[in-house]
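In what follows, a single structure is set out as structure tokens and then discussed.
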């Protein structure tokens with residue numbers, strides 16, 4: 001179908017669909033954060049309302065017109081990159097936020113609302129939103145729901161799924177499913193919202209969500225620890241988890257090559273000198289007038305005495321707190337500065353991290369003696385960003401993923417599958433699981449117009 | 001099909017299906033905790049393995065034989081009560097527990113494992129399991145997953161859904177979906193496990209689960225507070241939530257008629273005298289060597305000074321802690337002692353609880369001036385057990401549910417729909433939602449053999 005014919009079929013009455021066909025205007029809809037542009041779509045629709053999304057999808061469904069769904073375009077698996085013949089549905093003009101309900105600790109927002117906007121609304125009501133990722137200024141709530149975003153505070157708040165108390169989504173044929181009551185407890189039949197969380201847009205388009213907000217801590221502290229090995233780090237994690245319970249909010253790892261890179265990039269102006277094989281950033285939250293920070297120091301000092309850490313700096317001011325997190329932000333900055341690298345967003349059971357690191361090093365040496373591994377990530381939840389510099393990318397990546405799968409892990413811990421991780425899905429999902437996903441897709445989107453060719 | 005003919009068709013080879021056809025032996029498979037027995041089924045199958053469940057379901061699927069799925073039979077919505085013509089599939093012989101993985105803080109258990117067994121396994125490894133309900137000695141993990149059980153610590157740990165890091169389930173045709181890696185982060189395609197959590201057995205039978213375990217607190221404290229109104233209770237909740245963050249684990253409410261009943265039943269031997277319109281039990285967990293309990297007292301004393309509570313007792317020993325929780329356990333004991341009552345497991349947004357209580361009182365007085373309301377429950381998450389003594393049950397129940405729905409609430413907060421709440425589902429689920437549930441049911445269980453007639 002030509003774009004002109006399709007546009008003529010679109011419902012005119014009442015819906016501001018924000019149709020855009022100018023090629024220059026569409027330039028920013030060609031790629032997500034992977035920067036690999038797809039073809040220019042025949043049009044981009046940017047509806048203002050759920051009814052507009054519904055009317056647009058119904059027209060696409062009737063015409064059998066495939067649709068690429070876009071949020072903030074911060075994805076790292078190519079899920080939002082348009083394919084040949086697709087039109088684009090962008091939620092970017094649906095970004096309003098309802099008022100914070102301070103009693104229930106919830107807020108209803110449109111799918112195009114930016115994460116940072118939601119975080120700021122929560123904070124202004126004395127609450128906080130549990131998920132935080134580096135792309136907070138651009139990532140949209142809808143995209144974060146569709147990809148079940150994770151980030152650095154999964155230890156405390158779990159992933160995006162756990163923040164969703166209600167959802168509104170539109171099926172491929174325009175049917176609107178609205179469940180925005182936002183109850184903490186509601187077992188009135190199967191929870192359909194779960195289909196759309198982490199569903200990568202296969203089953204429907206999220207238009208609004210009721211989000212859980214949490215108590216805002218009175219204070220936060222963090223520490224940067226030099227640790228001699230992954231084994232030591234895991235013991236330290238267990239001790240902190242046991243001593244701090246849900247007040248332990250983050251446990252991030254940075255392996256030597258990345259830490260050394262950041263140290264050089266910052267000209268040594270970082271809280272601990274390079275030289276240790278692994279660095280850990282731990283963070284805790286303090287509520288009320290608790291002396292919980294003493295526990296933090298007690299555990300860390302004991303860990304030092306027991307040789308679990310060779311050096312520690314604990315923040316004592318907002319400036320020091322920021323300086324420690326700045327090291328973590330440096331991971332992406334440094335690895336991006338190295339040019340074309342190959343990232344692997346894997347997770348393995350915590351107990352298998354030492355085996356993963358050792359075996360990955362061996363296989364990398366075998367496949368490409370010139371290769372370098374730059375590893376950092378969310379150590380506390382088993383999620384490592386295993387970034388490799390290699391000229392033999394095609395040989396290396398499948399082996400890294402195969403290793404993660406063999407150790408009981410995942411080939412995409414938080415980035416999703418999209419277009420770019422499809423080849424590895426069968427390493428971790430059985431034929432029965434893949435067949436079931438296809439069955440659900442056929443039931444909910446019989447013409448397969450939504451994000452066709454993604455995931456499966 | 002006669003039972004004999006069906007049994008002859010069952011696969012013999014290798015599977016211990018534990019087929020039971022003796023009428024006396026089947027007596028305990030006729031009802032859940034609602035005590036309303038269904039007809040005697042032609043057989044009860046009690047397989048020992050997932051393969052056995054699969055073989056049995058495949059035979060049922062091929063024969064078009066409907067199946068009632070049973071766990072610990074502690075449900076309160078009749079979901080496990082057999083219907084005419086059904087056979088029963090009980091998971092009671094699949095109750096083994098794997099070892100606790102202390103590093104990952106997980107455990108893999110079979111669906112028939114009892115909650116209390118899981119709690120004890122976690123504790124013996126220095127960890128804890130987040131969901132607790134009164135029926136812990138009988139309720140099985142599989143049943144709790146299928147009904148997304150809640151209980152008293154939802155404020156801290158959320159419901160059963162949040163404890164599930166992996167699942168194995170068998171579809172109606174015997175297909176086994178196994179996803180037991182137990183990763184904290186895994187976005188390798190849509191999460192099929194979510195279908196079976198709170199799915200009430202419509203889409204498949206849970207056979208095993210990988211459960212999340214949490215840090216075991218160093219200490220727990222609770223307090224019993226007499227509060228003058230629901231509004232005061234909600235302010236107290238906000239203050240405790242803000243001061244304690246995730247250390248606030250429970251916030252239970254007991255309204256005067258129930259509290260007075262417990263007081264009489266215990267001959268006054270309870271921590272606070274009756275006389276207040278509402279009582280609240282708050283609980284907090286303390287980790288490490290924190291002085292968090294001081295915050296607890298500080299907030300409560302300030303609440304007393306501000307008139308939010310008229311009396312408070314804070315536990316200072318294990319004995320006092322148990323005495324306060326004993327009051328809460330008395331709620332069920334007392335209301336059961338009143339004879340045939342009508343329970344309503346509703347939830348409303350927190351801010352609407354005062355309106356719900358006031359309007360329910362008015363409508364009850366209008367429908368049955370003789371009626372008495374006995375109300376208690378999980379005030380902190382908006383979930384009230386609104387129990388009514390009335391001779392006009394048929395007139396009263398629909399109005400209570402209608403009111404909850406009108407105030408943006410749920411007609412079944414944690415008990416599920418089963419057979420007994422079906423009539424009220426359309427008050428809270430739209431025709432589009434119900435049609436989508438039917439579509440999923442048709443895709444996953446085309447002959448509708450699993451828990452036919454439940455929920456929908």
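Chains as they are written, first to last, in our numbering: chain A, 1 to 456; chain B, 1 to 456.
All residues carry an ideal CB built from backbone N, CA and C; glycine is no exception.
Taken in chain order, the complete beta strand (DSSP E) segments of 3 or more residues contained in the region 375-404 of chain A are 383-389. In this structure residue 413 of chain B is in contact with residue 345 of chain B, their Cβ atoms being roughly 5 angstroms apart against a cut-off of 8 angstroms. Judged by beta-carbon spacing, residue 428 of chain A lies beyond the 7 angstroms limit of residue 417 of chain A, meaning their Cβ atoms are not closer than that value. For residue 65 of chain A, the three-state secondary structure derived from DSSP is coil. Between the region 428-446 of chain A and the region 73-89 of chain A there are fewer than three inter-stretch CB-CB distances shorter than 8 angstroms, so the stretches are not counted as touching. For residue 328 of chain A, the CB contacts under 6 angstroms within the same chain, skipping 5 residues up- and downstream, are 252 and 281 in chain order. A direct Cα-to-Cα measurement between residue 404 of chain B and residue 209 of chain A gives close to 21 angstroms. Here DSSP, grouped into helix, strand and coil, assigns residue 342 of chain A to strand. Counting along the chain, residue 176 of chain B sits inside the beta strand (DSSP E) bounded by residues 176-179. The beta-carbon of residue 70 of chain A is placed no less than 7 angstroms from the nearest beta-carbon of chain B.
In this structure, residue 26 of chain B keeps its C-beta atom at 7 angstroms or more from the C-beta atom of residue 382 of chain A.
Under the Cβ criterion of 7 angstroms, residue 451 of chain A is not counted among the residues facing chain B. For the C-beta of residue 391 of chain A, not a single chain B residue is nearer than 9 angstroms; the gap to the nearest is close to 27 angstroms. At a cut-off of 7 angstroms between beta-carbon atoms, residue 295 of chain B makes contact with chain A. If you compare the alpha carbons of A:68, A:131, A:449 and A:46 with that of residue 172 of chain A, the shortest gap goes to A:449.
Of all alpha-carbon atoms in A:141, A:61, A:108 and A:41, the one lying nearest the alpha-carbon of residue 71 of chain A is that of A:141. Distance from the Cα of residue 296 of chain A is smallest, within the candidate group A:249, A:202, A:307 and A:284, for A:284. Among the residues facing chain A, residue 437 of chain B is included, as its CB has a counterpart in that chain under 7 angstroms away. Under DSSP, no beta-bridge partner is assigned to residue 259 of chain B. Look at residue 222 of chain B: its C-beta is not under 7 angstroms from any C-beta on chain A. Using a C-beta cut-off of 8 angstroms, the region 59-71 of chain A makes contact with the region 130-150 of chain A, since at least three inter-stretch Cβ pairs fall below that distance. Per the C-alpha coordinates, the member of B:181, B:110 and B:331 positioned closest to residue 351 of chain A is B:181. Shown here, residue 423 of chain B sits in a helix according to DSSP, grouped into three states.
Each of A:120, A:160, A:110 and A:137 was checked against the Cα of residue 205 of chain A, and the nearest Cα belongs to A:110. Assignment of residue 103 of chain A by DSSP, reduced to helix, strand and coil, places it in the coil class. In this structure, residue 43 of chain A sits away from residue 37 of chain A, with a CB-CB distance that is not shorter than 7 angstroms. For secondary structure counted as the alpha helix (DSSP H) over 4 or more consecutive residues, the region 184-219 of chain B holds these complete runs in sequence order: 193-196.
Chain-ordered listing is empty here: chain B has no CB closer than 9 angstroms to the CB of residue 109 of chain A, the nearest sitting near 17 angstroms. In the structure shown, residue 297 of chain B falls within a helical segment according to DSSP collapsed to helix, strand and coil. Annotation: the continuous alpha helix (DSSP H) that includes residue 116 of chain A extends over 115-124. In terms of Cβ geometry, residue 380 of chain A and residue 237 of chain A form a close pair [threshold 7 angstroms]. The Cβ of residue 265 of chain B sits no closer than 7 angstroms to any Cβ of chain A. Here residue 408 of chain A has 348, 349 and 352 as same chain residues with Cβ atoms under 8 angstroms from its own Cβ, once five neighbours each way along the sequence are excluded. Within a 10 Å sphere around the beta-carbon of residue 156 of chain A sit 16 or more other beta-carbons, which makes this residue buried. If you draw a straight line from the Cα of residue 356 of chain B to the Cα of residue 368 of chain B, it comes to about 18 angstroms. Closest option to residue 128 of chain A, judged by alpha-carbon separation, among A:193, A:138 and A:104: A:104.
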